[in-house]
Amino acid sequence: MTKSKGLLIAIIALILLLLVVSAAGHSTESPTQPYKAGNGKVILIINLTGTINAGTTNMFRSHLSSINNSSVKAVIININAGGGMLEQAFAIDKYITSTEDKGINVYIYVMPDGSASYTGTYIAMDGTGLYMAPGTSIGLSEPVIIGGTKAMEQNDIAQMEAIMGNMASSHGRNSTAAKSMVTNDSDYSSSQAASINLSNGSFSSMNAMLAGLNLSTYAKIYVNQSAYDQFLGYISNPLTAGIFMLIGIVAIFLDLYHGTIILSIIGVVMIGLGLLGADIIDASIFGLVLILLAGVLIFLEFKTSHGIALLSGLIVGLAGIYFLASSYGTSSPGYSPSPFGTDFFMSAIAIVLMGILLVAYISKILKSQKKEHYTGIESLIGHSAVVVTTMKTNGRGFVSVDGVQWSAINTGVDIRENDRVIIMERKGLTLLVKKI
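Just so we're aligned, residue 1290 is where the sequence shown starts under this note's numbering, counting upward by one.
Written out as structure tokens, the structure is:
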């Protein structure tokens, strides 16, 4: 295996690592079961786990937008969720409210060993009834504005406090405690939540809750995310969308050196997926501009070939990925918590390492192209020759190269017959040599 191929394999391995890292934390639930009311009313149980994203919202839209109280007795959201976009949580709240308006109660159950935290609390607090398994928790709802000013953060917190308080009071729950989850990032255990009327009580299991609500006799239909929901959830993440765009740019850039269409096709597809994800999350125009600038710097490397433009482009691209989640120029209320954690820093390290490997790889390609450029007489430069006639410094004579005699000028110390010299340069049909 050549060094160039080895470097290319290492770069591809880093790209795969970035894809794995960016996929971390996304739902891997089984596909949705087709919803059929059948004979009599049913209980619709929606499993909500992991991060709140566009895929989660699509799951609720698919199953709540068309139901009615003639076929559905109640909806239960079986939750163990935290983190994600507040905008997506509010979209889910609209489906919950519209379901309640149809005369269908929506109960929230925080499953055993689970929690309704961060973005998940904004869904849990909007249910007709909120019940928690023993040992579970709810809270930590303070919003995060990426790249925002202190004034923007305070304004966002005030808005989220009002929303959380209204959801709690409209369902007869403790609005003061609910607001504290936003302003103080408070976290309540199941027993605490029940004692202060933040929740409606505690049940040890789903079956116990169904029995307590007189719903045990109804048929149950379980809903999980479909493959399409999972796909939407995967790309509607600022880290994933940004990495896709950045890798797509790099793939097209590499194709300038390989002259194939495959990398360009891969690059265009990845950029397209990244832009789709950016559109879904209403990404900040500032972040998109930074990624565009990163692309300009990366392609500038094709002209400069010293590595600085490429590495600078990747660093600017990392900044662009970060600011994709910014609220500048968008209506997004932010995230809870920040979408950037350890996975972002791991990705940043991998991208910088990929850039260093790319610089080395491109350097190998350029050296190879430079060597291949020299043909005929030019290919003699750097080769050795045998002296045929004695030559003083700057003197003329003859040397033999692979049995062929050439006129030569000695640019070094005096040389004698049969000495070995190296060919330094060519002037017409005369070789400039010096003693090895």
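Cβ coordinates follow ideal geometry from the N, Cα and C atoms, glycine included. Owing to the predicted nature of the structure, the values given are computational and were not obtained by experimental measurement.
So what does residue i bridge to, in DSSP terms?
i	result
phenylalanine 1687	Ser1696
tyrosine 1624	Met1374, Val1433
glycine 1490	Tyr1420
leucine 1720	Ala1697, Arg1715
glycine 1428	Ser1406, Asp1476
valine 1361	Val1331
serine 1668	Beta-bridge pairing links serine 1668 to no other residue.
proline 1615	The sequence as given places serine at residue 1615; proline does not occur at that position. In DSSP, serine 1615 forms a bridge with Ile1435.
According to DSSP, is residue i helix, strand or coil?
i	result
tyrosine 1398	strand
arginine 1715	strand
methionine 1348	helix
valine 1710	strand
glycine 1644	helix
isoleucine 1366	strand
methionine 1680	strand
serine 1553	helix
serine 1594	coil
serine 1771	Limits of the chain in this structure are 1290 at one end and 1725 at the other, which puts residue 1771 out of reach.
isoleucine 1570	coil
isoleucine 1485	coil
arginine 1705	coil
isoleucine 1725	coil
aspartate 1415	coil
histidine 1315	Confidence at histidine 1315 is low in this model, with a pLDDT of 43, below 50, so the placement of that residue is unreliable and no value is reported for it.
serine 1505	coil
glycine 1392	coil
phenylalanine 1629	coil
Grab the span of the alpha helix (DSSP H) containing residue i for me, first residue to last.
i	result
threonine 1529	1527 to 1547
serine 1726	With the chain running from 1290 to 1725 in the structure shown, residue 1726 is simply not present.
valine 1675	Unbroken run through valine 1675 is the beta strand (DSSP E), 1673 to 1676; no alpha helix (DSSP H).
serine 1601	1597 to 1612
glutamate 1458	According to the sequence displayed, residue 1458 carries serine and not glutamate. Here the alpha helix (DSSP H) through serine 1458 covers 1439 to 1459.
asparagine 1496	1495 to 1501
aspartate 1518	1516 to 1524
Rounded to whole angstroms, how far is the Cβ of residue i from the Cβ of residue j, which I believe are closer than 8 angstroms?
i	j	result
leucine 1521	alanine 1343	4 angstroms
serine 1616	glycine 1609	Between glycine 1609 and serine 1616 the Cβ distance is about 15 angstroms, and since that is not below 8 angstroms, they are no contact.
proline 1628	alanine 1614	5 angstroms
isoleucine 1366	isoleucine 1341	Between isoleucine 1341 and isoleucine 1366 the Cβ distance is about 12 angstroms, and since that is not below 8 angstroms, they are no contact.
alanine 1598	leucine 1607	Not really, about 15 angstroms apart at Cβ, beyond 8 angstroms.
leucine 1579	valine 1605	6 angstroms
At what residues does the beta strand (DSSP E) containing residue i begin and finish?
i	result
aspartate 1476	1476 to 1478
tyrosine 1511	1508 to 1512
methionine 1421	1418 to 1421
valine 1331	1331 to 1341
Kindly say whether residue i, judged by its beta-carbon, lies nearer than 8 angstroms to any beta-carbon of chain C.
i	result
serine 1426	The displayed structure is made up of one protein chain only, and chain C is not part of it.
Specify whether the region 1705 to 1723 and the region 1666 to 1683 touch according to this definition: at least 3 beta carbon pairs, one from each stretch, less than 8 angstroms apart.
-> yes
Do the region 1488 to 1506 and the region 1522 to 1532 meet, that is, are 3 or more Cβ pairs less than 8 angstroms apart?
-> no
Assess, as a yes-or-no matter, whether the region 1546 to 1557 is touched by the region 1371 to 1389 under the definition of 3 or more beta carbon pairs within less than 8 angstroms.
-> no
Taking contact to mean at least 3 C-beta pairs separated by less than 8 angstroms, is the region 1474 to 1494 in contact with the region 1433 to 1441?
-> no
Three or more beta-carbon pairs under 8 angstroms between the region 1718 to 1725 and the region 1681 to 1701, yes or no?
-> yes
Using 8 angstroms as the Cβ pair cut-off and three pairs as the minimum, do the region 1505 to 1513 and the region 1331 to 1340 touch?
-> yes
Cβ contact check for the region 1384 to 1401 and the region 1342 to 1357: 3 or more pairs under 8 angstroms = yes
Should the region 1409 to 1421 be called in touch with the region 1554 to 1563, which here means at least 3 C-beta pairs below 8 angstroms?
-> no
Would you say the region 1466 to 1486 touches the region 1425 to 1438, given that touching needs at least three Cβ pairs under 8 angstroms?
-> yes
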